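One structure is given here, and the rest of the page talks about it.
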Amino acid sequence: MATYRIGEAAELLGVSADTVRRWVDAGRLAAIRDDNGHRCIAGADLAAFARHFDEPDRGAHRSSARNRLRGIVTAITRDAVMAQVDVQAGPFRVVSLMSREAVDDLGLEVGSVAVAVIKSTTVVVERGDDR
């Protein structure tokens with residue numbers, strides 16, 4: 003069974019290690035001690051928590067898209083008809099091509115907060131470790 007130390011769990015969830023420690027201390031996320039006394043989270047427990055920890059936000063969205071990455075707009079390149087918008091969402095850079103009119107209507111500018119909503123018929127999943 004896979005286990006994750008607090009820092010690893012935090013990285014996977016996109017939060018700070020202190021946040022994960024608070025969740026463990028509050029009983030929201032189960033943790034065990036390893037042989038060295040470090041708190042670890044069972045992979046199955048972390049997966050179950052990850053499936054549900056952001057659900058309150060989902061009710062506000064009326065969309066079938068479930069992949070939402072909140073970030074900051076880092077660049078906008080416009081031409082007469084189209085625009086490219088770069089969003090940095092944590093360690094992820096998301097690039098969107100859209101109409102210039104859409105960028106203007108949304109009021110997007112460098113430094114504004116944006117949510118990249120991703121819906122795709124093809125999703126590639128890679129293994130995240132060195133095995």
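Take 3 as the starting number for the sequence shown in my numbering and just add one per residue.
Glycine residues also receive a C-beta, built at the ideal position from the N, C-alpha and C atoms.
Since the model is a prediction, treat every value here as computed from it, not as a measurement.
Residues that Asp47 bridges to, as DSSP identifies them: Asp47 is not bridged to any residue.
Taking Gly1 as part of the beta strand (DSSP E), name the residues at either end of that continuous run. The displayed coordinates of the chain run from 3 to 133. Any statement about residue 1 would go beyond what the structure contains.
Look at the Cβ atom of Ala118, then the Cβ atom of Gly73, and state whether they are nearer than 8 Å. A contact, by the Cβ cut-off of 8 Å.
Among residues of its own chain, excluding the 5 on either side of Val83, which ones have a beta-carbon nearer than 7 Å to its beta-carbon? Only Ser101, Arg102 meet the Cβ criterion.
Since Ala77 contacts Val112 with CB under 8 Å, what's their CB separation in whole angstroms? Distance from Ala77 to Val112 at the Cβ level is roughly 6 Å; contact confirmed, criterion being Cβ atoms closer than 8 Å.
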